[in-house]
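Before any comments, here is the structure.
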Amino acid sequence: MDSFENKLKRLTSFGSWEIIGKDDKTHFTACDGPHGLRYVLHEENGYQTDEPSYAYPTLSFLGNTWDIHLVKQIGKAIGEDCRKHHVSMILGPGVNIKRTPLCGRNFEYFSEDPYLAGMMGKAYIEGVQEKGIGACLKHFAANNREYDRFFQSSEVDERTLKEIYLKPFEIALQASPWAVMCAYNPVNGILSSENEYLLKHVLRKEFSYDGLIISDWGSVRDRAKSLKAGIDIAFPYNDQFLEQLKKGLSCAYITNQEIENSIAHIDDFVDKASQVNQENLENSFDHLKLCEQAVEEGIVLLKNNGVLPIQNTQQKVLLVGEFLNDPPISGGGSSKVTPLEKPKDLLSCLKKDHLKNEIEYVQAYMMRYGLPTPFGYKIALEKASSSDVVIVGVGNMMLEEKEETDRETIQLKPVFVDLIKKLSLYNSNVVVVLYCGSAVDVSDFVDDVASIVLAGYGGQEVNVGLSKVLLGLTSPSGRLAESWPMKLEDTFTNKQVGNSFVEHYDDHIFVGYRYYTSNFIKTRYPFGYGLSYIKTQYNRLSIQEENGIYHIFVEVENKSSMKGKEVVQLYVKDVTSSVSRPIRELKRFAKITLEPFETKTVELLIEKKDFTFYHPSLHRWYLEDGDFEIQICKDAETVIFSQKITICEDYYSQYSRF
Ligand code: BGC
Numbered sequence: 281m282d283s284f285e286n287k288l289k290r291l292t293s294f295g296s297w298e299i300i301g302k303d304d305k306t307h308f309t310a311c312d313g314p315h316g317l318r319y320v321l322h323e324e325n326g327y328q329t330d331e332p333s334y335a336y337p338t339l340s341f342l343g344n345t346w347d348i349h350l351v352k353q354i355g356k357a358i359g360e361d362c363r364k365h366h367v368s369m370i371l372g373p374g375v376n377i378k379r380t381p382l383c384g385r386n387f388e389y390f391s392e393d394p395y396l397a398g399m400m401g402k403a404y405i406e407g408v409q410e411k412g413i414g415a416c417l418k419h420f421a422a423n424n425r426e427y428d429r430f431f432q433s434s435e436v437d438e439r440t441l442k443e444i445y446l447k448p449f450e451i452a453l454q455a456s457p458w459a460v461m462c463a464y465n466p467v468n469g470i471l472s473s474e475n476e477y478l479l480k481h482v483l484r485k486e487f488s489y490d491g492l493i494i495s496d497w498g499s500v501r502d503r504a505k506s507l508k509a510g511i512d513i514a515f516p517y518n519d520q521f522l523e524q525l526k527k528g529l530s531c532a533y534i535t536n537q538e539i540e541n542s543i544a545h546i547d548d549f550v551d552k553a554s555q556v557n558q559e560n561l562e563n564s565f566d567h568l569k570l571c572e573q574a575v576e577e578g579i580v581l582l583k584n585n586g587v588l589p590i591q592n593t594q595q596k597v598l599l600v601g602e603f604l605n606d607p608p609i610s611g612g613g614s615s616k617v618t619p620l621e622k623p624k625d626l627l628s629c630l631k632k633d634h635l636k637n638e639i640e641y642v643q644a645y646m647m648r649y650g651l652p653t654p655f656g657y658k659i660a661l662e663k664a665s666s667s668d669v670v671i672v673g674v675g676n677m678m679l680e681e682k683e684e685t686d687r688e689t690i691q692l693k694p695v696f697v698d699l700i701k702k703l704s705l706y707n708s709n710v711v712v713v714l715y716c717g718s719a720v721d722v723s724d725f726v727d728d729v730a731s732i733v734l735a736g737y738g739g740q741e742v743n744v745g746l747s748k749v750l751l752g753l754t755s756p757s758g759r760l761a762e763s764w765p766m767k768l769e770d771t772f773t774n775k776q777v778g779n780s781f782v783e784h785y786d787d788h789i790f791v792g793y794r795y796y797t798s799n800f801i802k803t804r805y806p807f808g809y810g811l812s813y814i815k816t817q818y819n820r821l822s823i824q825e826e827n828g829i830y831h832i833f834v835e836v837e838n839k840s841s842m843k844g845k846e847v848v849q850l851y852v853k854d855v856t857s858s859v860s861r862p863i864r865e866l867k868r869f870a871k872i873t874l875e876p877f878e879t880k881t882v883e884l885l886i887e888k889k890d891f892t893f894y895h896p897s898l899h900r901w902y903l904e905d906g907d908f909e910i911q912i913c914k915d916a917e918t919v920i921f922s923q924k925i926t927i928c929e930d931y932y933s934q935y936s937r938f
């Protein structure tokens with residue numbers, strides 16, 4: 281039986297990672313995530329040594345796959361990795377919205393779109409939890425920058441919170457994650473760890489969440505205040521928490537009932553975690569193969585003048601740049617997994633995939649103190665002039681995209697830009713491979729090069745999958761889950777620099793493509809964009825309504841002799857809204873495989889609630905009569921088909937309009 285003193289103890293973790301069980305001796309371990317299992321073997325003076333594990337592609341990369349089944353499979357694999365290590369819960373996924381390309385943790389998040397991020401998060405959680413391991417949805421909420429993240433308040437109006445920043449959580453919660461982690465930042469002036477509105481009113485009441493709520497690491501200032509707001513367990517252990525709880529009790533600020541409520545959530549977690557069958561810990565499928573397949577699904581072809589795929593007739597291929605040899609596979613911080621195997625170099629991958637051409641690698645720059653510095657440019661340029669195609673690898677580094685700091689620019693390091701520009705003077709077939717977790721500005725070289733391939737942060741098998749795409753063994757099918765602006769100045773948030781006090785979310789609901797499309801700002805590469813080697817044609821759109829459900833049928837044809845994939849994107853435009861709404865919003869998507877010359881009809885279902893907006897005066901979702909367009913798009917800026925439907929609800933459900 282739990283003594284009261286023991287109950288108070290259980291409201292804080294044991295050490296950094298463990299949840300105390302009912303009998304005080306049994307502990308349950310939670311680990312980072314989410315890009316694989318980051319099992320900490322040893323901690324000293326703030327430094328941690330992790331056990332190597334499968335390093336899967338980052339969530340930003342998975343967002344670009346638009347493949348829910350794949351993300352679920354990754355979740356399952358991570359669940360199996362956890363079971364092997366007797367880990368009860370993985371600390372992920374994060375479904376925060378990418379509001380600015382500068383956010384240091386964008387590589388840990390799926391998308392700028394709430395629906396896409398939510399669906400991906402849901403799939404990840406379902407996969408992990410199918411293996412009897414808990415997932416922890418994070419960071420709740422409005423954590424969209426790293427700048428002074430413990431202090432700077434995200435000032436967001438209610439409609440924006442509901443439609444943009446809370447929506448992905450609402451969707452992902454359908455998978456019933458075992459835990460939800462609060463964010464560091466205050467929201468509208470109140471710390472996320474003490475925010476009763478967010479934790480109790482929204483999460484518990486509106487979203488009916490009855491699992492465990494935990495703090496982010498070090499986000500709790502006062503344990504009694506955080507308990508009152510709804511935090512069941514504070515991480516990591518802190519000597520002062522017990523005293524703070526006792527003090528809160530003694531002055532009746534917190535009640536025994538509040539403690540019992542949290543203990544009930546912890547017990548519930550413990551019951552689930554205790555049921556894990558630790559027998560038969562063999563993986564049920566090949567995790568390394570999955571890493572590779574995921575890469576093939578998520579690489580985005582941004583530009584191609586026909587140089588790709590590399591033909592076996594192209595006589596000489598030159599690989600340039602240390603990243604092709606030793607690729608960045610993730611950003612930095614708590615999500616960085618130490619890979620089981622050193623990521624493979626592109627040269628050996630291409631050779632393994634039977635590239636028959638003459639092929640050579642030159643380093644051209646080397647990484648020193650996290651920065652690229654030229655290392656034999658001249659050799660690279662000489663060889664470029666006598667090659668048929670040049671592939672150059674560049675990107676961001678862990679010191680740029682990482683937890684705790686934001687980027688200052690979306691431009692690549694001058695050394696990289698310079699190298700690309702010089703190579704393109706010597707060769708007209710330069711293919712740029714970008715390793716990064718968020719948008720970069722390619723304006724300096726986009727017109728000089730033949731092709732740009734976004735390899736992202738693809739995990740330990742990134743170059744294995746990349747090789748298949750470069751050689752045309754796989755047609756690229758990744759689509760951007762984040763808009764790429766022409767330049768940073770085009771982003772709404774450009775002028776917002778941190779001031780340590782507040783960040784006003786004055787862009788309201790107009791985040792990402794909602795901002796660009798509604799303000800007619802052309803992006804470099806829009807949300808949902810990605811080229812492929814196959815040519816698809818959309819033949820027809822038809823809509824049937826049945827009991828308030830709209831069945832949308834889209835016929836897609838593969839006009840080429842190569843197998844490939846297409847991402848069918850369905851957006852809704854509110855034509856007659858009484859409040860301002862974005863030009864269009866993503867409501868459904870489907871990734872389909874098309875055999876050579878195959879035609880497929882995709883069916884997507886949408887419901888009436890997909891047409892609602894969060895009414896700022898009514899403080900609830902509102903379905904307003906009027907005309908809507910169902911738009912099938914190639915990307916957020918390119919409409920293929922549009923068909924009008926009219927919604928006409930019960931007279932008294934509507935507010936009068938003149
Ligand atoms: C991060 C969390 C992470 C935790 C544990 C925090 O700094 O914000 O995402 O799970 O550390 O490492």
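Everything in the sequence shown is counted per our numbering, starting at 281 for the first residue and increasing by one.
The beta-carbon is built from N, C-alpha and C at its ideal position, and this holds for glycine as well.
Tell me, please, which residues DSSP counts as bridged to residue i.
| i | result |
| --- | --- |
| D606 | Answer is none; D606 lacks a bridge partner. |
| I294 | The question names Ile, but residue 294 in the sequence shown is Phe. F294 is bridged to E298. |
| C311 | I370 |
| N584 | S731 |
| F833 | S822, E883 |
| H784 | E435 |
| I927 | G906 |
| K622 | The partner list for K622 (beta bridge, DSSP) is empty, contrary to what the question assumes. |
| E638 | K596 |
| D721 | Q691 |
| A415 | I370 |
Return the first residue and the last residue of the beta strand (DSSP E) that residue i is part of.
| i | result |
| --- | --- |
| C462 | 459 to 462 |
| R820 | 816 to 826 |
| L492 | 492 to 494 |
| M646 | 644 to 648 |
| T653 | 651 to 655 |
| Y715 | 710 to 715 |
| H567 | No beta strand (DSSP E) holds H567; the alpha helix (DSSP H) holding it covers 567 to 578. |
| K631 | Element bounds for K631: not the beta strand (DSSP E) but the alpha helix (DSSP H), 626 to 632. |
Is the distance from the Cβ of residue i to the Cβ of residue j below 8 Å?
| i | j | result |
| --- | --- | --- |
| C262 | L317 | As displayed, the chain neither begins before 281 nor continues past 938, which places residue 262 out of reach and without an answer. |
| V749 | I579 | yes |
| G355 | Y404 | yes |
| L884 | K845 | no |
| K682 | G613 | yes |
| G384 | A452 | no |
| S472 | F420 | yes |
| Y795 | F772 | yes |
| I886 | Y830 | yes |
| V791 | Q432 | no |
| C629 | G739 | no |
| Y809 | S340 | no |
| P607 | P619 | no |
| F725 | G673 | no |
| V467 | A514 | no |
| I732 | V742 | no |
Would you grab the beta carbon distance between residue i and residue j for me? Rounded to a whole angstrom, and I think it's under 8 Å.
| i | j | result |
| --- | --- | --- |
| V460 | C416 | 7 Å |
| D428 | S780 | 5 Å |
| Y706 | A664 | 4 Å |
| S667 | K616 | Their Cβ separation, rounded to whole angstroms, is 35 Å, which puts S667 and K616 out of contact at 8 Å. |
| K815 | M766 | Rounded, the Cβ-Cβ distance is 27 Å, inconsistent with contact. |
| P896 | E438 | 7 Å |
| R290 | I546 | 6 Å |
| S293 | Y464 | The pair is not a contact, with the Cβ atoms about 17 Å apart (cut-off 8 Å). |
| S763 | F833 | So it is not a contact: roughly 28 Å between Cβ atoms. |
| E835 | T797 | Not quite, the Cβ-Cβ distance comes to about 25 Å (not below 8 Å), so this is no contact. |
What residue range does the alpha helix (DSSP H) around residue i cover?
| i | result |
| --- | --- |
| G738 | Segment: none, G738 is in no alpha helix (DSSP H) and carries neither H nor E. |
| L396 | 394 to 410 |
| V697 | 694 to 706 |
| S798 | 793 to 798 |
**Request:** Could you name each continuous alpha helix (DSSP H) segment of 4 residues or more that falls completely within the stretch 508 to 546, going from the start of the chain to the end?
**Result:** 520 to 530
**Request:** For the stretch 839 to 920, list the beta strand (DSSP E) runs that are entirely contained and at least 3 residues long, ordered along the chain.
**Result:** DSSP runs (the beta strand (DSSP E)) wholly in the stretch 839 to 920: 844 to 854, 865 to 874, 879 to 887, 893 to 895, 900 to 902, 906 to 915.
**Request:** Jot down the residue ranges of each uninterrupted alpha helix (DSSP H) in the stretch 323 to 356, minimum 4 residues, whole runs only, in chain order.
**Result:** Listed in chain order, the complete alpha helix (DSSP H) runs (minimum 4 residues) inside the stretch 323 to 356 are 339 to 345.
**Request:** Ignoring anything shorter than 4 residues or poking outside the stretch 421 to 485, list the alpha helix (DSSP H) runs there in chain order.
**Result:** Those alpha helix (DSSP H) runs which fall completely within the stretch 421 to 485 and span 4+ residues are 447 to 452.
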